[in-house]
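Asker:
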Amino acid sequence: MNKLYFVFLLAVVFSSCSPYQKALKSEDIAVKYAAAEEKYNKGKYEKAIRLFEQIAPSYRGKPQAEKMFYMYAQSLYKTDQFYTAGYQFESFASGYPKSEKVEEAAFLGAFCYSKLSPRYSLDQIDTDKGIEKMQAFIDAYPESQYIAEANVVVKDLREKLEFKAFEIAKQYHTIAEAIRDFRAPIVALDNFIADYPGTPYREDALYYKIEASYKYAINSVDYKVKSRLNETLENYDKLLKQFPESKYKEKADKIKEDVNKLLEQYSK
Numbered sequence: 031m032n033k034l035y036f037v038f039l040l041a042v043v044f045s046s047c048s049p050y051q052k053a054l055k056s057e058d059i060a061v062k063y064a065a066a067e068e069k070y071n072k073g074k075y076e077k078a079i080r081l082f083e084q085i086a087p088s089y090r091g092k093p094q095a096e097k098m099f100y101m102y103a104q105s106l107y108k109t110d111q112f113y114t115a116g117y118q119f120e121s122f123a124s125g126y127p128k129s130e131k132v133e134e135a136a137f138l139g140a141f142c143y144s145k146l147s148p149r150y151s152l153d154q155i156d157t158d159k160g161i162e163k164m165q166a167f168i169d170a171y172p173e174s175q176y177i178a179e180a181n182v183v184v185k186d187l188r189e190k191l192e193f194k195a196f197e198i199a200k201q202y203h204t205i206a207e208a209i210r211d212f213r214a215p216i217v218a219l220d221n222f223i224a225d226y227p228g229t230p231y232r233e234d235a236l237y238y239k240i241e242a243s244y245k246y247a248i249n250s251v252d253y254k255v256k257s258r259l260n261e262t263l264e265n266y267d268k269l270l271k272q273f274p275e276s277k278y279k280e281k282a283d284k285i286k287e288d289v290n291k292l293l294e295q296y297s298k
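Residue numbering for the sequence shown follows the working numbering, starting at 31 and increasing by one per position.
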């Protein structure tokens, strides 16, 4: 037991006397810079960050500042600290517009914000921000070597927003019975289709609109039922016109059959 304690004590003593520990405690910013660069080059980014944080205020305006702030931003990026990394890359790009690294920094800054985008079910403020930042990069560097990747990022983020919008519209449809509001899903689905005309969820939205309009019709006051049943048939026609082999055809046909039976009763 005493041996183990002695070995542990030696390890603590030696680590406290390591060049890295000495650099952390040193008041010489040149010593800290050299140690930070060494850790950065060895991929020990967490240790490099601690040193960069200590010297960053002192290096502003110095000849070595450009390289130092680039390494600092990269270290944050490599350790998945995307919010701070995004800020540092943006500051680098605006502070060193003539740097050979400015295009890369501008892209990585925007990319960091895109990495903050949460799963679709959560608030999408960061997704909107990621799109805004990446689109600004695309506009500023249309011939960039990163343009293909930037376009993919924007596409993926927009698809996330689109899927969330679809899920919200579908949720209105799902809970219509519970809240006794059969008009809300129709409005939500209409808005979704208008906002995302090329959506891969268009077929689903059109079918859900048939279901919603049918329920809306049969739960309406008597004098409005007939006109709303006819609206259901119009929605049916829209689905089958755009998707003749729709996966919902059998269900849609059944609703159409029920609607026609009800309309026959009203015609009598």
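No residue lacks a Cβ here, since even glycine has one placed at the ideal position from N, Cα and C.
Is the CB-CB distance between Ala-66 and Phe-82 below 9 Å?
Answerer: Yes, the pair counts as a contact, with Cβ atoms nearer than the cut-off.
Asker: Would you decide whether Pro-215 is buried or exposed? Buried here means 16 or more other CB atoms lie within 10 Å of its CB.
Answerer: Counting Cβ neighbours within 10 Å, Pro-215 comes out buried, since at least 16 surround it.
Asker: Below 6 Å CB to CB, which residues in the same chain sit around Tyr-150 once its five sequence neighbours on both sides are set aside?
Answerer: Taken in chain order, the residues that qualify are Lys-190, Phe-193, Lys-194.
Asker: Short check: CB of Phe-222 to CB of Ala-180, under 9 Å?
Answerer: No; because the gap between Cβ atoms is not below 9 Å, this pair is not in contact.
Asker: Over what stretch of residues does the alpha helix (DSSP H) that includes Leu-259 continue unbroken?
Answerer: From DSSP, the alpha helix (DSSP H) with Leu-259 extends over 252-272.
Asker: Does the beta-carbon distance from Leu-269 to Leu-293 come in below 9 Å?
Answerer: In this structure, Leu-293 does not lie closer than 9 Å to Leu-269 by Cβ.
Asker: What did DSSP end up calling Arg-188 once you bin it into helix, strand or coil?
Answerer: Looking at Arg-188 - three-state DSSP - the assignment turns out to be helix.
Asker: In the DSSP assignment, find the alpha helix (DSSP H) that holds Tyr-113 and state where it starts and stops.
Answerer: From DSSP, the alpha helix (DSSP H) with Tyr-113 extends over 112-125.
Asker: Rank Phe-122, Glu-264, Lys-279, Tyr-253 by C-alpha distance to the C-alpha of Ser-297 and give the top, closest one.
Answerer: Minimum Cα distance to Ser-297 is reached at Tyr-253.
Asker: Which same chain residues, not among the five before or five after Ile-248, have their C-beta less than 6 Å away from its C-beta?
Answerer: Cβ within range, chain order: n/a, list empty.
Asker: When the Cβ atoms of the segment 112-120 are set against those of the segment 87-94, are three or more pairs found closer than 8 Å?
Answerer: Cβ pair count under 8 Å is below three, so no.
Asker: Counting C-beta neighbours from all protein chains within 10 Å, is the total for Ile-205 16 or more, i.e. buried, or is it exposed?
Answerer: Ile-205 is exposed by the Cβ-count criterion.
Asker: On a Cα-Cα basis, can you pick out the residue from Lys-131, Glu-134, Phe-212 that is closest to Ile-240?
Answerer: For Ile-240, the nearest C-alpha among the options comes from Phe-212.
Asker: Nearest CA to the CA of His-203: which residue from Ile-177, Ala-235, Asp-225?
Answerer: Minimum Cα distance to His-203 is reached at Ala-235.
Asker: So, helix, strand or coil for Arg-149, using DSSP?
Answerer: Residue state, collapsed to three classes: coil.
Asker: What first and last residue would you give for the alpha helix (DSSP H) that runs through Lys-128?
Answerer: Neither: Lys-128 is in no alpha helix (DSSP H) and is coded neither H nor E.
Asker: Measuring alpha carbon to alpha carbon, tell me which residue in Thr-262, Glu-261, Glu-233 is nearest Tyr-278.
Answerer: Looking at the Cα atoms, Glu-233 is the closest of the given residues.
Asker: How would you label Gln-272, buried or exposed, when you count the other beta carbons within 10 angstroms and need 16 or more for buried?
Answerer: By the neighbour-count rule (16 or more Cβ atoms within 10 Å), Gln-272 is not buried but exposed.
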